[in-house]
Amino acid sequence: MNKNIDYYFTTASPLANLASLADDFLRSRSDKSLIYKPISITQMIENSIEPAIECRLHSIADHCLPDKIVIALQETRNNVGEFVIKVWSALWLYDKDLNDINELKDILRSMGLDAELVLRYANSKDVQSIYKSNTTEAITRNSLGLTMTDQRIFVR
1 MNKNIDYYFT TASPLANLAS LADDFLRSRS DKSLIYKPIS ITQMIENSIE
51 PAIECRLHSI ADHCLPDKIV IALQETRNNV GEFVIKVWSA LWLYDKDLND
101 INELKDILRS MGLDAELVLR YANSKDVQSI YKSNTTEAIT RNSLGLTMTD
151 QRIFVR
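Numbering follows the UniProt record's numbering, in which position 117 of the sequence shown is assigned residue number 117; successive positions increment by one, without gaps.
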């Protein structure tokens, strides 16, 4: 029996932080855990069951580096949940520009990680392949969920 739950998401989503809470809850009460699977929100919307939805994506939506960092952290067995919460807080509580590489470096350093090393891996072909695979898998599984806020649309 599979002991893991696939979680398709983007760090740009206002609901992304809930995953780490769910993961902590699952781990404390069962033998299950979340497998974080960041996806391309742009490709998901293009393949949406409602393609006529007109939307404005948050500025981070077309820039997937935070999502790729999630993959890099998961692949290297680092604390993904902490990163997701810090990215969510930076984006939604402090209105930080996560297209600014220095903001992401600050988050990684605050976790005690070598920011340059993590970013190199996050930009690698291996991580890009996983990112594309996650998105294709999410589309194939019809796992699209949308959250709309203030004329913005997010995959959840």
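Every residue gets a Cβ at the ideal spot worked out from N, C-alpha and C, and that includes glycine.
{"Query": "Distance, CYS64 Cα to LYS132 Cα", "Result": "11 Å"}
{"Query": "Touching by the beta-carbon criterion (3+ pairs, under 8 Å), the segment 101 to 119 and the segment 6 to 13", "Result": "no"}
{"Query": "Close-in-space but distant-in-sequence residues of the same chain around PRO66 (CB under 6 Å, 5 per side omitted)", "Result": "THR11, VAL87, LEU98"}
{"Query": "Helix, strand or coil at ASP100 according to DSSP, with G and I counted as helix", "Result": "coil"}
{"Query": "Beta carbon of VAL84 nearer than 7 Å to that of ALA16", "Result": "yes"}
{"Query": "Spatially closest choice to LEU18 from LYS3, ARG29, LEU34, by CA coordinates", "Result": "LEU34"}
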